[in-house]
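Numbering (numbering that gives the first Met the number 0), first residue to last: 0 to 710.
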Amino acid sequence: MASVTAPPDGRKPETKQVTKQETQLISKAVRARPLFDPEILRRATKESFVKLNPRLVAKNPVMFVVEVGAAVTTVFVIKDMITGVGGLLFGVQIALWLWFTVLFANFAEAMAEARGKAQADNLRKTKTDTLAKKIVSGGKTDLVPASKLRKGDIVYCEPGDLIPGDGEVIEGIASVDESVITGESAPVIRESGGDRSAVTGGTKVLSDWIKIQITSNPGETFLDRMIALVEGAVRQKTPNEIALNVLIAGLTLIFLLAVATLPPYARYAIQAVGSGTAPTIAVLVSLLVCLIPTTIGGLLSAIGIAGMDRVMQHNVLAMSGKAVEAAGDVNTLLLDKTGTITLGNRQAVEFITVDGATDGELADAAQLSSLADETPEGRSIVVLAKQKYGLRGREVREHEAHFIPFSAYTRMSGVDMDGRHLRKGATEAIADFVKQQGGTAPEKLIELSKQISRNGGTPLAVADGARILGLVHLKDIVKGGMKERLASLRAMGIRSVMITGDNPLTAAAIADEAGVDDFLAQATPKDKLEYIRKEQAGGRLVAMTGDGTNDAPALAQADVGVAMNTGTMAAKEAGNMVDLDSNPTKLIEVVAIGKQLLITRGALTTFSIANDVAKYFAIIPAMFAAMYPELGKLNIMGLHSPQSAVLAAVIFNALIIIALVPLALRGVKYKPVGAAALLSRNLLIYGLGGIIVPFPSIWLIDKLIVALGLA
Numbered sequence: 000m001a002s003v004t005a006p007p008d009g010r011k012p013e014t015k016q017v018t019k020q021e022t023q024l025i026s027k028a029v030r031a032r033p034l035f036d037p038e039i040l041r042r043a044t045k046e047s048f049v050k051l052n053p054r055l056v057a058k059n060p061v062m063f064v065v066e067v068g069a070a071v072t073t074v075f076v077i078k079d080m081i082t083g084v085g086g087l088l089f090g091v092q093i094a095l096w097l098w099f100t101v102l103f104a105n106f107a108e109a110m111a112e113a114r115g116k117a118q119a120d121n122l123r124k125t126k127t128d129t130l131a132k133k134i135v136s137g138g139k140t141d142l143v144p145a146s147k148l149r150k151g152d153i154v155y156c157e158p159g160d161l162i163p164g165d166g167e168v169i170e171g172i173a174s175v176d177e178s179v180i181t182g183e184s185a186p187v188i189r190e191s192g193g194d195r196s197a198v199t200g201g202t203k204v205l206s207d208w209i210k211i212q213i214t215s216n217p218g219e220t221f222l223d224r225m226i227a228l229v230e231g232a233v234r235q236k237t238p239n240e241i242a243l244n245v246l247i248a249g250l251t252l253i254f255l256l257a258v259a260t261l262p263p264y265a266r267y268a269i270q271a272v273g274s275g276t277a278p279t280i281a282v283l284v285s286l287l288v289c290l291i292p293t294t295i296g297g298l299l300s301a302i303g304i305a306g307m308d309r310v311m312q313h314n315v316l317a318m319s320g321k322a323v324e325a326a327g328d329v330n331t332l333l334l335d336k337t338g339t340i341t342l343g344n345r346q347a348v349e350f351i352t353v354d355g356a357t358d359g360e361l362a363d364a365a366q367l368s369s370l371a372d373e374t375p376e377g378r379s380i381v382v383l384a385k386q387k388y389g390l391r392g393r394e395v396r397e398h399e400a401h402f403i404p405f406s407a408y409t410r411m412s413g414v415d416m417d418g419r420h421l422r423k424g425a426t427e428a429i430a431d432f433v434k435q436q437g438g439t440a441p442e443k444l445i446e447l448s449k450q451i452s453r454n455g456g457t458p459l460a461v462a463d464g465a466r467i468l469g470l471v472h473l474k475d476i477v478k479g480g481m482k483e484r485l486a487s488l489r490a491m492g493i494r495s496v497m498i499t500g501d502n503p504l505t506a507a508a509i510a511d512e513a514g515v516d517d518f519l520a521q522a523t524p525k526d527k528l529e530y531i532r533k534e535q536a537g538g539r540l541v542a543m544t545g546d547g548t549n550d551a552p553a554l555a556q557a558d559v560g561v562a563m564n565t566g567t568m569a570a571k572e573a574g575n576m577v578d579l580d581s582n583p584t585k586l587i588e589v590v591a592i593g594k595q596l597l598i599t600r601g602a603l604t605t606f607s608i609a610n611d612v613a614k615y616f617a618i619i620p621a622m623f624a625a626m627y628p629e630l631g632k633l634n635i636m637g638l639h640s641p642q643s644a645v646l647a648a649v650i651f652n653a654l655i656i657i658a659l660v661p662l663a664l665r666g667v668k669y670k671p672v673g674a675a676a677l678l679s680r681n682l683l684i685y686g687l688g689g690i691i692v693p694f695p696s697i698w699l700i701d702k703l704i705v706a707l708g709l710a
């Protein structure tokens with residue numbers, strides 16, 4: 000096997016130029032496909048016939064009854080065909096349209112599943128058995144197939160390398176292209192330690208180098224789990240969905256018993272009246288199929304699966320349908336401050352002078368003392384000095400500069416150059432340094448420091464030898480639009496709570512600026528867990544985002560736990576969703592999708608039950624008008640004949656399922672309004688619409704049937 004030598008510890012290799020072609024997407028793993036994508040249509044059509052298997056249909060009691068009715072009608076049609084009984088055309092048409100009803104319901108479910116399976120196919124394309132640089136004894140690396148790596152192995156990756164498996168960065172820092180799983184082209188930083196050390200197999204290193212400890216065996220990677228999950232084949236039913244299924248099954252049983260009593264009643268009526276004919280099996284089955292809530296029964300599974308698909312289109316991987324639906328019922332949303340509500344690192348926002356120093360002096364000293372500071376805070380000071388005063392980073396080698404790195408013991412950093420001793424750090428630490436140099440700290444410095452702290456900021460004092468020049472104000476930057484987004488949550492009836500390790504004063508200032516409803520300061524993992532349990536004990540559902548190992552207990556306890564893909568493996572294993580974009584505010588979209596799922600199910604249930612009314616006016620007069628002419632008054636649509644009326648109702652019953660497939664897949668548009676307004680809108684649009692739409696539709700189908708000579 001070939002061998003290469005890893006760079007010695009502490010030495011970064013020369014960064015290679017990565018071509019544009021090398022950094023292009025391998026494949027967008029998750030993307031919003033057109034609703035009727037030809038590939039998805041082909042797959043769904045094939046699956047519709049496969050799903051005719053009675054063992055599969057039996058999972059849906061409504062459609063199982065329809066399939067049994069179609070089978071029974073078909074048997075009697077074949078019998079009539081053999082015996083030469085009249086009315087064969089009518090029976091054949093009823094049987095065909097009953098089978099179409101089952102097929103259309105299967106098609107709706109298959110369409111939703113096919114979208115997930117198409118996404119899984121895209122993910123499979125990203126799986127390639129790349130060569131991995133496995134580190135062996137002596138600091139050498141052997142090239143081995145990625146499929147040969149096992150948990151605990153250590154590999155080395157440099158620019159252009161595909162990361163061979165899931166793991167944790169144990170040394171180095173690099174920018175990584177994760178477009179293979181997120182669909183986003185912007186690279187992310189991965190480094191050892193902290194909450195940004197997790198890497199995913201199949202992603203690409205763009206710069207620098209990292210050593211990775213593999214954390215999963217082949218077949219157990221995050222990509223493998225993604226493929227299995229987006230297949231959507233094993234989607235558990237949620238409590239609300241189970242309750243709705245029980246209601247639908249109950250209605251089906253009631254109408255089944257009602258229809259079963261009609262033949263003896265019809266025979267009795269014929270004897271009493273002395274005229275009329277008993278309803279045929281085809282008519283009885285048609286009545287049953289039109290009475291039971293076939294519309295929602297045929298679309299229920301598709302609605303749930305489509306909800307998971309819509310979450311996936313937002314690059315959020317849901318571990319189950321329960322998680323998506325639970326998001327729709329969330330009452331309390333816990334948001335971590337750093338990286339969620341704020342940008343993640345404190346930024347320098349202003350220079351405040353004291354003791355007669357000028358703004359230019361303070362900015363110059365602050366920038367010089369920060370040139371060797373690689374922290375985001377230090378870099379922000381250099382940028383602020385450049386933006387406000389035009390100061391640029393200086394070449395200090397000829398000045399024999401000696402940089403003093405930051406230390407947790409001294410709580411300051413700085414540089415010695417040209418006889419100057421420039422320091423930057425905590426106010427108390429700089430005050431002590433100035434005293435050692437023979438100077439004193441002005442009282443105004445302490446007052447200004449306390450004021451900055453009370454407002455939620457961090458003061459950094461800057462000194463030039465024995466003289467304090469002033470303060471640098473570091474501040475948490477609240478993300479743009481955060482206040483508006485949290486206001487949207489409030490309109491949904493969701494209470495937002497910020498979680499932070501900051502002191503209460505700082506937490507209160509950030510909470511007020513961000514517009515959260517409450518905050519939990521100086522929070523430990525135990526505090527987060529207890530807060531969630533307290534909310535749940537009060538009957539509320541809780542959602543939380545997190546990315547660190549310390550968030551894992553709370554993510555596991557929350558009803559909706561969204562882990563960041565950039566976070567630790569512990570966090571991703573604990574949550575029931577993973578945000579592939581690692582955008583913590585994405586939870587707002589997840590909640591909206593969950594509510595959209597619930598609203599869609601409620602709207603279509605309302606429509607399904609309401610549109611049965613028109614079918615009663617079509618079939619009941621058709622069945623009994625011959626025996627009871629008074630029932631002819633119920634034929635308000637003026638349908639041509641009993642046969643055309645029954646056939647028109649059955650055809651409409653089948654076609655309405657296929658007509659509502661786009662709505663089931665896309666979902667009813669969600670607006671953050673109260674429950675009363677939502678119920679009113681539901682009843683007005685889908686209740687009243689469900690009553691009105693079938694009348695002209697059945698009337699038109701009846702006319703077409705007569706015109707075509709089918710009845």
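C-beta atoms are modelled at their ideal positions from N, C-alpha and C, and glycine is treated no differently. Since this is a predicted model, take the numbers as computed values, not measurements.
| Query | Result |
| --- | --- |
| Are the CB atoms of residue 99 and residue 660 within a distance shorter than 9 Å? | no |
| Determine contact between the region 474-485 and the region 331-347, defined as no fewer than three beta-carbon pairs at a distance below 8 Å. | yes |
| May I ask you to report which of helix, strand or coil DSSP gives residue 693? | helix |
| Assuming residue 444 and residue 352 form a contact by the criterion Cβ under 8 Å, report the distance between their Cβ atoms to the nearest whole angstrom. | About 10 Å separates the two Cβ atoms, so there is no contact after all. |
| Can you give me the C-alpha to C-alpha distance between residue 694 and residue 289, rounded to a whole angstrom? | 14 Å |
| If we count the other Cβ atoms within 10 Å of its Cβ and call it buried at 16 or more, is residue 136 buried or exposed? | exposed |
| Residue 171 and residue 197 - do their beta-carbons sit closer together than 9 Å? | no |
| Excluding the 5 residues flanking residue 54 on each side, which residues of the same chain have their C-beta closer than 7 Å to its C-beta? | none |
| Residue 438 by DSSP, collapsed to three states: which one? | coil |
| Using a threshold of 9 Å, state whether the C-beta atoms of residue 558 and residue 329 are closer than that. | yes |
| Is the separation between the beta-carbon of residue 305 and that of residue 663 shorter than 9 Å? | yes |
| Give the straight-line distance between the Cα atoms of residue 539 and residue 331, rounded to the nearest whole angstrom. | 7 Å |
| With respect to the alpha helix (DSSP H) encompassing residue 629, which residues constitute its N-terminal and C-terminal limits? | Element bounds for residue 629: n/a, residue is neither H nor E. |
| Please state whether the Cβ-Cβ distance between residue 203 and residue 168 is less than 9 Å. | no |
| Please state whether DSSP places residue 318 in a helix, a strand or coil. | coil |
| Checking 9 Å against the spacing of the C-beta atoms, do residue 368 and residue 422 come in under that value? | yes |
| Give the C-beta separation of residue 645 and residue 282 to the nearest angstrom, bearing in mind that I take them to be a contact with Cβ-Cβ under 8 Å. | 6 Å |
| What's the call for residue 323, buried or exposed, on a 16-neighbour Cβ count within 10 Å? | buried |
| Assuming residue 383 and residue 428 form a contact by the criterion Cβ under 8 Å, report the distance between their Cβ atoms to the nearest whole angstrom. | Residue 383 to residue 428, Cβ: 21 Å. No contact. |
| Look at the alpha carbon of residue 216 and the alpha carbon of residue 150, and state the distance between them as a whole number of angstroms. | 5 Å |
| For residue 457, name the three-state secondary structure that DSSP assigns. | strand |
| In terms of residues, what are the limits of the alpha helix (DSSP H) holding residue 161? | Per DSSP, residue 161 belongs to no alpha helix (DSSP H) and is neither H nor E. |
| Using CA coordinates, which residue listed in 400, 104, 699 is at the minimum distance from residue 293? | 104 |
| Any C-beta of chain B sitting closer than 9 Å to the C-beta of residue 418? | Checking the listed chains, one finds no chain B in this structure; it contains a single protein chain. |
| Classify residue 487 as helix, strand or coil using the three-state DSSP reduction. | helix |
| Buried or exposed, going by whether 16 or more other CB atoms sit within 10 Å of the CB of residue 604? | buried |
| Among the residues of its own chain, which have a CB less than 6 Å from the CB of residue 102, if the five just before and after it don't count? | 47 |
| Examine the Cβ distances between the region 606-615 and the region 665-679 and report whether three or more of them are shorter than 8 Å. | no |
| Starting from the N-terminal side, write out each stretch of the beta strand (DSSP E) that is 3 residues or longer and does not extend beyond the region 133-159. | 139-144, 153-156 |
| So what does DSSP say about residue 741, is it helix, strand or coil? | The requested residue 741 is not part of the displayed model; the chain covers only 0 to 710. |
| Excluding the five sequence neighbours on either side, which residues of its own chain have a C-beta within less than 6 Å of the C-beta of residue 455, listed in chain order? | 505, 508, 509 |
| Please name the residue in 484, 450, 371 whose C-alpha comes closest to that of residue 471. | 450 |
| Is the beta carbon of residue 525 sitting closer than 9 Å to the one on residue 519? | no |
| May I have a chain-ordered list of the alpha helix (DSSP H) segments no shorter than 4 residues that lie completely inside the region 469-535? | 481-490, 503-513 |
| Could you give the first and the last residue of the continuous beta strand (DSSP E) run that contains residue 211? | 208-213 |
| How about residue 335 and residue 576: are their beta carbons less than 9 Å apart? | no |
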